[in-house]
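Asks: What follows is a structure written as C-alpha cells; I'll ask about it next.
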Amino acid sequence: MTREGAGILCAQVTALCAEILADARAPGVRQGVEDVVANLAEPVRVAVAGRVSAGKSTLVNAILGRRIAPTGSAETTRVVTVFRYGYPERVEVQPLTGPARSVALNRDGSLPERLGIDPRDIDHVRIWLSDSILQRLTLIDTPGLSSANAQTSARTAEFLALEKISQRAASGADALVFVLNHAPRRDELETMSAFRSLSGGTRASAATALAVLSKADRLDPDAADPWLAAKQAARRHEDALRGVVAGVVPVIGLLGETAASGDLTEQDAQLIDRLAALAPSELAAMLISGDRFVRAAAPGDPAARERLLERLDLFGVGRAVGLAREGRRGAAALSRELLDMSGLMVVRGVIEDVFARHADALKAGAALAALDRLLHAPDGEGSAAEMVALRDHLERTRLRPEMYRLGLLSVLEGVAGGEVAIAPGEVEELRRMASETTVWRRLGLGEDSTRAERAQAAMDAARRWKLRENDLRSSTAEETAASLARRSYEHLWADLESGGVEAA
Amino acid sequence: MTGPGATAGGAGEPSPLVGAARALMSRAIAFAERAGDHDLAHRLEEERGRDEHSETTLVVVGETKRGKSSLINALLGRPGLVPVEADVATNVAVIVRHGPEVVARVVHAGAPAGERVEAEAIADWATEAGNPGNARGVELVEVWVPDPLLERGLAVVDTPGVGGIGSRHLETTLQSLGRADALLFVTEAGAPVSEPELSFLTRACERIATAVVVVAKVDAVPDWRAVWDANRRLLEARSGPLRTAAVLPVSSRLKTRADVLRDAEPALARDLHRESGVEALRTAIAREVLDRRDVIRVLNVLRLVQASLERLSIPELVAVAEPAQSDALRSELERAQAHWQSLGRANASWTVELNDEIQDLRLTMSDELTRAIARLGSSYDQLLADRSLESADVARRLSDDLRDLSVQTRESLHRGVEGVLASLAESLGLGALGTPEMAAPALGPDLVELTPRAGSAPQQGSPPVIGMLGPLAVPIGLFSSVGAYVGLGFAAVFPFGAAAGGILVGLTTLARRRNIRHQEARAMVQATMADASTALKNDVARRLLQVQRAIREDLRAAFERLSEDAKAAIARQQQLVAADRAQRERARSAAEARLATIRGLSTEIDRLAAALLAPENPPTG
C-alpha cells in the first residue's frame, strides 16, 4: 500500500490554502492555514483515545512492535505522544511555550519516565521512528478520557479539539481509534460522536472512527472460548455504536504487545516449560487469580512469575503453557503463536485498511473543518471584511464538483451504518464515483470509451438518481444521497460537455 | 470511621446527637409549614415517624457490567441467585431480604400484591435479555433467602447500571434510590474510578451519607493494588462521607468458585473464600451499616432536610438575585430574542443556499440549451438536405430561430430566477418575517432589436435593446423584482452582442454567397449553432453571476434592516423589564430574611452531621 494522503481532494484543499494565504494578512490566520497545509502533507494522523487504563498505550506499543510508551493499570500516559516516521529515531518534547527540546530514548528503546519538564507544561511529545507502518499512518497516543484527574482528560480533549472552547482550529488527528474495555458508556459515545461531528461539519466523513475492544481475554475469564465471547461482545457494541464508528474489533492488547515487541525472553519460555510440567489441576488452581499465580509454591521465583504475568496476563500464561504442552519450545515459537492468538494483526490490518484507504478524504475533510473553524472563529484576528473574503474562497472550493466526493463518502458511511438503504450495486456505483481517479473508472466504463459515451453515461446516471430523488417512497436520507449522486453526475457531465479538467 | 459512641442509641434512649437532630427536624417542619410548602412538611413528618426498627436498605450501584449482580451472589454465597451472564444486564431493581427459604416475587406496576415466581426464573423478569426494555412492566423483583447478615434487618438491592448508552439517566437512578440507607458502590480493578463514576457517587452521597466502595474483579488484574491505591487517594481528596468511605478489594469470581467447590475441595474453597475479600466486605457492611443504622438514618434525614431547604431557598434566592419579571414581559422579551436568533441563523445560511440554487439553475439551463440547439441542428440538417432554400433564406431563418431561442432562454432564465427567489424565501423563512410587500416596478417597453438583419454588419456602436416582461408577481416583497435582476446589463449583450463576431460572419457569409455547397452550408450552420450555444451559455452564466450578486446585496441589506428592527424591539422590551424589576425590588428584603433562616438551619445541620460522622463522637455529645 502506498501513501495516499496526496489525492485529488487533498490537492484541492492545498490549492485552496494557497488561495487563502495569498489574500490573508492576519498572522494568526496565516499560521493556522500554514499548519493545515503542513498537516495535509503528512500521512493520515490516527489518534488512539479512550478512558484511563483502557489499553491505549499497550495498543500503540503493540502496533509499533515495541514497548516504547509506558503502560500500567493506573494512569500512566500524561502527555499526548505523536509517533511519526523518521530516521534517525529521536524524541522531541514540545512545551506549551518555547522551543522544542530533544530527549534521548532509554537504552531499551522506551520513552524516559522523566522528560525534564513538568508534564503539565508539555503540549505534546514527538517521536520519530523508522517503523514502516508510520509511513502510512501517524499514530498518536493520548492521556485517558473521563479521568477523575480532570487535567489529564482536558489535555486529550484539547488536542483533538473536541471542545468548542479549544484554542486549536485544527484537531490534532484525522481519524480516531477508540479503545474500549466494556460495553460503551455514555461519555465514551459522546467523545466518539464529538470527534465525528468535527469532520461531519463539512459533510465530509468517511469512516473517521474505529473502536477496539482491547482486553478481549478479560471479558469472561471463565468462558470456554474467551475469543468467542469477545467477538459476540464486539458485535453487540457494534450495534450500539452504529453510525458512530466503522466497526468494533476485539484484541488482546497485552498479548499482542509482548509478542510483537519480542519481550518474551528465553527465561520466560523456560519458566513456561516448567509450568507445563505441573499437573493440570495444580496449574488450574494457580491460574484462578493473579495473586495466586505469583504466590503459589511452584517453579520459578515469585519475581519471575510476576514478570511473566505482567507480560502475558493469566489468559496468556494459560495459553502459553498449553502451547508448551503441545511441544512449542522457545520464546520465538511461543511469540509467533501468541501473536496469532492476540488478534493484533487483524486490528492492525483493519486500522490500515479503514484509515489508509480513505486517507485522502479523511485528511481533506479534517483540513476543511479546520479552515472552517479558523475562518469562522468569533474572536479571530482578521478584520471582518478580510474574513468574509477568505470565507468566499472556502465556499467556492466546497462547491467544486470534486468536493462532492466527500459527500458521497459520507453517504457510503451512512449505508454501512444502516441509515441509508440502497442496493449493493448502487453502493458499488457510489464507491466508484467517490473514490476512483479517472473519469472512465468513475463511470464504470472502459478506458477506450469516447467522450460522448462518457457524457451519455453520466447523463443517464444523473437521470436515474433524479428519479430516485423524486420517488415519494424514498426516506429523507435516501433523497439526500440521491441528490448528491445526481449532482455529482451532472457535474461530471457538464465537465465532459465543456471539456473541463476532470474530463482530461 | 466508627467510634464506639456511634453504635449507641440502638435501644433505649436515643443519643443526645440523635435527639438534637430530631429537634432540628421539628424546626425544619415548622419552617416548611410557614413557607407554605405543605407537601414538604408532610414528607418530613413521614420521615420522622418512620419506624426506627424497620429494615436497613443497602443499595448496590455502579456503572453497567461492573459486576453488581455477581457481587450480590458472592456476598450471599448463592451462585446464580441474581442472573449474571456475559451479555445479561439487570434492568429492574431486585431486592433481597432474609427469609426462611428461597422465594421470589415479581411486583408489577399498579399491582402491589405481586406474583410468586420461581427463583430460577428471575432472569425472565429482571434482565434486558428476558424482559427487553422492561416490556413486561415489572416494578420490582423481591427475593427472600436465609442469610445471617440479612437476618439482622438488612435488605440488599441490585440496580440497573448507570452510564451505559441505553441505561437510565443519572437523575432517574438517583431518585429511585429513594429510601436507601447506604450505598455499596462497585468499581473495577481494571482501571481507576472514572470521572462519571465519581460524580455519580458524589451526587448520590448528597442524599445518602454512607457508602462502602468495592474494587471488584481483582482476580483478573494482577496489579489491582495500584488501582486500589489510586481509588483511595481519589476518594480521600473528596469532601464529606466519601473521604472516609471504606474501599475494599473483592473478587466475586473467587467467592463463587469457593461456594461451588465447598464440598468437593474444602481446603481450596476455604483459601478462595478468604482471598475473595467477601468476608471482609460482610464485616464492613455489618460495621459501617448495620451497627450504625440509627446514626445513618439520622444523617440521611438531615441530608434530606438540607436538600429540601435548599429547594425552598431557590425561589428566595431568585427573588434576591433578580426579582421575578411578570410572565408577559419575559415572554415578550424572549420572543424578541428568539426572533433575533432566527434572523442570525437565516443570515448564516443564505450564502451557501444561494450558491447552491444558482449553481443548480445554471446546470439546468445549460442542459436545456444543449438540447434545444441539438434539436435545431437536426432540423437544419433536413432543411439543407432538400436544397429547396436559398442560402439567404436559410440565414434569415436561422437568425430568426436563434432569436426565438434567445427569447426562450431569457424567459426560462426569468422563470428560473423566480424559482430561486421563491425557494430562498421559503427556506430562509423570509415570508414569515413580515416585510411589507413592494410593488415591482414596471419596466420599459418590449423593444426588440435582436440580431442584425441578415446581411447587415454587426453594429457595435448602437446595441440592440431588450425590454423586460412587464410587472412581475414577486413571491415576496423583499426582492425588488426578478426583472431587475435578470435585466441587469441585458440590453448590452443579449444574446450575441459583444461575442457576435464569429456567428455573424457565419450568417453573413451564408447570406451573401448564392452558390454555396451543401456541405459548406451545413458546416457553417453547425458552426453558427455551436457558437450560439457557447454564447448563450456564457451569457446565462454571466447573467446568473450578476443575479447572484444582486440578490446577495439585497439580502444583505434586508438582513441589516431586519436586524436593526429586531435590536430595537429587544431594547424596548428590556426597558419594560427593567421598570418591572425596580417595582419588584421591594420584595427583596423579605426574601432575604427567609433565606437567612434557611441558611441558619443548614449550617446547624452541617455542624450536627459533622459531629455524627466524627470518629471520636462521644455518646454524651
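Quick mapping for you: the protein sequence lines, in order, are chains S and F.
Take the first sequence: its letters are residues 1 to 504, numbered as in the working numbering.
Take the second sequence: its letters are residues 1 to 621, numbered as in the working numbering.
C-beta atoms are modelled at their ideal positions from N, C-alpha and C, and glycine is treated no differently.
Expressed to the nearest angstrom, what Euclidean distance is found between the alpha-carbon atoms of Ser130/S and Asp121/S?
Replies: Whole-angstrom Cα-Cα distance: 28 Å.
Asks: Can you tell me which of Arg186/S, Glu89/S and Arg45/S puts its alpha carbon nearest to the alpha carbon of Val177/S?
Replies: Here the closest residue by C-alpha is Arg45/S.
Asks: For the alpha helix (DSSP H) containing Phe83/S, list its first residue and its last residue.
Replies: Looking at the DSSP string, Phe83/S is not in any alpha helix (DSSP H); the run it does join, the beta strand (DSSP E), is Val80 to Tyr85.
Asks: Bridge partners for Glu63/F per DSSP, in chain order?
Replies: Paired residues: Val162/F.
Asks: Using a Cβ-Cβ cut-off of 8 Å, state whether Lys231/S counts as contacting chain F.
Replies: It does not; no Cβ of chain F falls within 8 Å.
Asks: Using a 10 Å radius around the Cβ and a threshold of 16 neighbouring Cβ atoms, would you call Ile314/F buried or exposed?
Replies: It counts as exposed.
Asks: Along chain F, which residues have their Cβ under 8 Å away from the Cβ of Val52/S?
Replies: Neighbours of Val52/S on chain F, chain order: Ala191, Pro192 and Ser194.
Asks: Note down, in chain order, every chain S residue with its Cβ under 9 Å from the Cβ of Asp219/F.
Replies: Chain S residues near Asp219/F: Pro221, Ile288, Ser289, Gly290, Asp291, Arg292 and Leu314.
Asks: So, are the CB atoms of Asp274/S and Phe293/S less than 8 Å apart?
Replies: According to the sequence provided, residue 274/S is Arg. The question's Asp does not apply to it. No. Outside cutoff.
Asks: Give me the DSSP bridge partner(s) of Ile517/S.
Replies: The displayed coordinates of chain S run from 1 to 504. Any statement about residue 517/S would go beyond what the structure contains.
Asks: Relative to the alpha-carbon of Leu595/F, which residue among Ala32/F, Glu197/F, Gly19/F and Ser26/F has its alpha-carbon at the smallest distance?
Replies: Here the closest residue by C-alpha is Ala32/F.
Asks: Using a Cβ-Cβ cutoff of less than 6 Å, which residues in the same chain neighbour Gly470/F once the five nearest sequence positions on both sides are dropped?
Replies: Bear in mind that a pLDDT of 24 at Gly470/F, under 50, signals an unreliable position, so the number given afterwards is only what the model happens to contain. Excluding sequence neighbours, Gly470/F sits near nothing in its chain.
Asks: Please return the same chain residues whose Cβ sits closer than 8 Å to the Cβ of Ala183/S, not counting the five positions on each side in sequence.
Replies: Excluding residues within five positions, the ones whose Cβ falls inside 8 Å are Ala233, Arg236, His237 and Ala240.
Asks: Near Ser70/F, what residues of its chain come up, given a Cβ to Cβ distance below 6 Å and the 5 sequence neighbours on each side ignored?
Replies: Excluding residues within five positions, the ones whose Cβ falls inside 6 Å are Val84 and Ser252.
Asks: Give me the chain F residues within the contact set of Gly72/S, using Cβ-Cβ distance strictly less than 9 Å, ordered along the chain.
Replies: Neighbours of Gly72/S on chain F, chain order: Asp223 and Ala226.
Asks: What residues in the stretch 45 to 77 of chain F bring their beta carbon closer than 9 Å to a beta carbon of chain S?
Replies: Cβ contacts with chain S come from Glu63, Thr64, Lys65 and Arg66.
Asks: In this structure, how does DSSP classify Ile63/S when only helix, strand and coil are distinguished?
Replies: Three-state DSSP puts Ile63/S in a helix.
Asks: Does the stretch 180 to 194 of chain S come within contact of the stretch 56 to 64 of chain S, defined as at least 3 CB pairs closer than 8 Å?
Replies: Cβ pair count under 8 Å is below three, so no.
Asks: Residues of chain S with CB closer than 8 Å to the CB of Ser366/F, please, in chain order.
Replies: Under the 8 Å cutoff, chain S gives Ala494 and Glu497.
Asks: On the DSSP letters alone, give me the boundaries of the beta strand (DSSP E) that Asp123/S sits inside.
Replies: Note, Asp123/S: beta strand (DSSP E), Ile122 to Leu129.
Asks: Should Val352/F go down as buried or exposed, given a rule of 16 or more other Cβ atoms within 10 Å for buried?
Replies: With fewer than 16 Cβ atoms within 10 Å of its Cβ, Val352/F is classed as exposed.
Asks: Can the beta-carbon of Glu55/F be found closer than 8 Å to that of Arg22/F?
Replies: Their beta carbons are not under 8 Å apart, which means Glu55/F does not touch Arg22/F by this criterion.
Asks: Can you tell me whether Pro112/F is buried or exposed, with buried defined as 16 or more other CB within 10 angstroms of its CB?
Replies: Result: exposed.
Asks: Check whether the stretch 261 to 269 of chain F touches the stretch 129 to 139 of chain F, counting contact only when three or more Cβ pairs, one atom from each stretch, lie closer than 8 Å.
Replies: They do not touch, by the three-pair rule.
Asks: Just mark Glu560/F as buried or exposed, buried being the case when its beta carbon has 16 or more other beta carbons within 10 Å.
Replies: Exposed: under 16 other Cβ atoms inside 10 Å.
Asks: What residues from the stretch 264 to 275 of chain S come within 7 Å of chain F, judged by C-beta to C-beta, listed N to C?
Replies: Listed in sequence order: no entries.
Asks: According to DSSP, is Ser194/F part of a helix, a strand, or is it coil?
Replies: Note: Ser194/F maps to strand in three-state DSSP.
Asks: What are the residues of the stretch 337 to 356 of chain F that lie near chain S, defined by any Cβ-Cβ distance shorter than 7 Å?
Replies: Going along the stretch 337 to 356 of chain F in chain order, one finds Thr351, Val352 and Asn355 with a Cβ nearer than 7 Å to chain S.
Asks: With burial defined as no fewer than 16 other Cβ atoms inside 10 Å of the residue's Cβ, what is the status of Lys217/F: buried or exposed?
Replies: Its Cβ being crowded by 16 or more others within 10 Å, Lys217/F is buried.
Asks: If you draw a straight line from the C-alpha of Glu453/S to the C-alpha of Glu447/S, how long is it?
Replies: Their Cα atoms are separated by approximately 11 Å.
Asks: Could you give the distance in angstroms between the alpha-carbon of Gly425/S and the alpha-carbon of Val317/S?
Replies: Going from the Cα of Gly425/S to the Cα of Val317/S covers about 48 Å.
Asks: Could you give the first and the last residue of the continuous alpha helix (DSSP H) run that contains Ile8/S?
Replies: It spans Ile8 to Asp23 - the alpha helix (DSSP H) in which Ile8/S sits, taken as one unbroken run.
Asks: Quick one: list the residues of chain S neighbouring Arg257/F, beta-carbon separation under 7 Å, in chain order.
Replies: Simply Ile288.
Asks: Give the secondary structure of Val250/F by DSSP, where H, G and I count as helix, E and B as strand, and everything else as coil.
Replies: Coil, per DSSP.
Asks: How big is the Cα-Cα spacing for Ile95/F and Asp39/F?
Replies: Ile95/F and Asp39/F: Cα-Cα distance of roughly 28 Å.
Asks: Measure the alpha-carbon distance for Ala28/F versus Val305/F and round it to whole angstroms.
Replies: Roughly 7 Å between the two C-alpha positions.
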